[in-house]
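Asks: What follows is a structure written as structure tokens; I'll ask about it next.
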Amino acid sequence: MFGCIVAGRLVQTNLQQVDVNKYVFELPDAHNINHIVVFLLGTIPFEPGFGATVHLLWPNKNWQMLGALSNDKPSAIFRLKTAAAGQDNNAQPMDTAVVAELGISIEPIQNIEQQLQQMRQSGNPSTALVPASAATAGGAGSGGSLPLQVARQFAERTMQSLFDYATSFATRPDATMGLFGSGAPVQVLPVKAFEDWYNTFLRKVQRDPAVAMQ
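When the count follows full-length UniProt numbering, it moves up by one through the sequence shown with no breaks and lands on 214 for the last residue.
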């Protein structure tokens, strides 16, 4: 149901279901992660009135909410603030073996909206919809990040491209099953479709960075 791409890496397939409505991706070499994409695969939508919150867990830390997904917003790009960001030049290198966890919790939309409101009020705004180029864009705004409208456009076009390409390879198994009793049919997407799209997208961006906005 969910997919995850760490910038500069292949699509992750190590999704683990840890509870009825809760899922976890393990993120190895976590201190070298700066941007991550989380998305619905498009084969199974959320039930009406439901969505998902997205969280990050560093070792020996508490879960931190990043943002949310819904049928209306099936993908998001998050910019992660790692412990390495404020590291002193004379400090010891970060342990590359550190593994963080990306948590996804399916919840009623009403609960999600309340959590997002609490996150905004706490002064910890969502890091969603920040494109990979934002960290070095040097444009106007805090930290040189791109305007929200441009970032949203980038995310929507990128994920639409991925969705169109990957779902063109979708197949339906012999039997169908429902998610949480919804009875929705299941379609299967080959992981290689994501890998091929990712590699092709990277080659295009390396040749012409503007292609990401086309």
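Where a beta carbon is used, it is the ideal one built from N, C-alpha and C, also for glycine. Bear in mind the structure is a predicted one, so any value in this text is a computation, not a measurement.
Quick one, are the C-beta atoms of residue 52 and residue 101 less than 8 Å apart?
Replies: Contact: no.
Asks: Go to residue 27, then tell me how far its alpha helix (DSSP H) extends in each direction, as first and last residue.
Replies: Where residue 27 is concerned, there is no enclosing alpha helix (DSSP H), although the beta strand (DSSP E) it sits in stretches over 22–27.
Asks: Go through its chain and collect everything with a Cβ distance to residue 38's Cβ below 6 Å, but skip five positions before and after it.
Replies: Once the five neighbours on either side are set aside, the close Cβ partners of residue 38 are 4, 54 and 76.
Asks: Just confirm the distance between the C-beta atoms of residue 35 and residue 98, as a whole number of angstroms; I'd bet it's less than 8 Å.
Replies: That pair is no contact at about 17 Å.
Asks: I need the straight-line Cα distance from residue 49 to residue 29, nearest angstrom please.
Replies: Roughly 36 Å separates the two Cα atoms.
Asks: Please report the residue range of the beta strand (DSSP E) in which residue 65 lies.
Replies: Its beta strand (DSSP E) spans residues 64–69.
Asks: Can you give the beta carbon distance from residue 189 to residue 43, rounded, assuming they're within the 8 Å contact cut?
Replies: That pair is a contact at about 6 Å.
Asks: Looking only at its own chain, which residues have a Cβ that is under 6 Å from the Cβ of residue 193, when we skip the five neighbours before and after it?
Replies: Same-chain partners within the cutoff: 166 and 169.
Asks: In or out: residue 122 buried (at least 16 other Cβ within 10 Å) or exposed?
Replies: Residue 122 should be labelled exposed.
Asks: Helix, strand or coil for residue 10 per DSSP?
Replies: DSSP places residue 10 in coil when its eight states are reduced to three.
Asks: Nearest CA to the CA of residue 57: which residue from 27, 191, 70 and 202?
Replies: Residue 27 is the option with its Cα nearest to residue 57.
Asks: How would you label residue 2, buried or exposed, when you count the other beta carbons within 10 angstroms and need 16 or more for buried?
Replies: Burial call: buried.
Asks: What's the C-alpha gap between residue 64 and residue 118?
Replies: Each residue's Cα considered, the two are about 12 Å apart.
Asks: Might you give, ordered along the chain, the residues of its own chain that have their beta carbon closer than 6 Å to the beta carbon of residue 45, omitting 5 neighbours on each side?
Replies: Closer than 6 Å at Cβ, skipping near neighbours: 71.
Asks: Indicate the three-state DSSP secondary structure (helix, strand or coil) for residue 167 in the structure shown.
Replies: DSSP places residue 167 in helix when its eight states are reduced to three.
Asks: From the DSSP output, in three-state form, read off residue 200 for me.
Replies: Correct three-state label for residue 200: helix.
Asks: Could you check which residue in 187, 33, 156 and 157 has the C-alpha nearest to that of residue 80?
Replies: Of the candidates 187, 33, 156 and 157, the one whose C-alpha sits nearest the C-alpha of residue 80 is 33.
Asks: Could you give the C-beta distance for residue 11 and residue 195, rounded to a whole number, given that I count them as a contact under 8 Å?
Replies: About 6 Å; that satisfies the 8 Å criterion.
Asks: Who are the Cβ neighbours of residue 115 in its own chain at under 7 Å, not counting the five residues just before and after it?
Replies: For residue 115, where only same-chain residues beyond five positions count, the Cβ hits under 7 Å are 53 and 65.
Asks: Just list the residues that DSSP pairs residue 101 with in beta bridges.
Replies: Paired residues: 26 and 57.
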